[in-house]
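Q:
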Amino acid sequence: MSSDPLIASLTAALDARPDDLPLRLHLAGLLLDGGRGAEPSRTPGRRSPGTPATRRPRR
């Protein structure tokens with residue numbers, strides 16, 4: 006768990022809503038600004054919303 010309560014809270018929110026792109030980008034920006042951009046994801050199997058396996062088919 007993160008020692009930063011904001012990062013911990015946003016990470017928990019992202020765990021609950023992994024497809025929330027604005028939240029994912031906000032958290033990524035905060036991690037990069039804090040020099041933590043190289044940290045691995047702590048949630049196995051989490052994929053980027055733009056990967057083919059997570060895209061919804063067009064109707």
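Taking my numbering, I'd label the letters of the sequence shown as residues 6 to 64. For each residue, glycine too, the CB sits at the ideal point set by N, CA and C. All of these numbers come straight from a predicted model, not from anything done at the bench.
From this set, LEU32, GLY42, GLY40, which residue's C-alpha is nearest ALA13's C-alpha?
A: LEU32
Q: With C-beta atoms as the reference, is ALA17 less than 8 angstroms away from LEU28?
A: Contact flag unset, no.
Q: Is the separation between the beta-carbon of LEU36 and that of GLY42 shorter than 8 angstroms?
A: yes
Q: Using the beta-carbon count (16 or more within 10 Å), is LEU15 buried or exposed?
A: buried
Q: Does SER14 come out as helix, strand or coil in the three-state DSSP assignment?
A: helix
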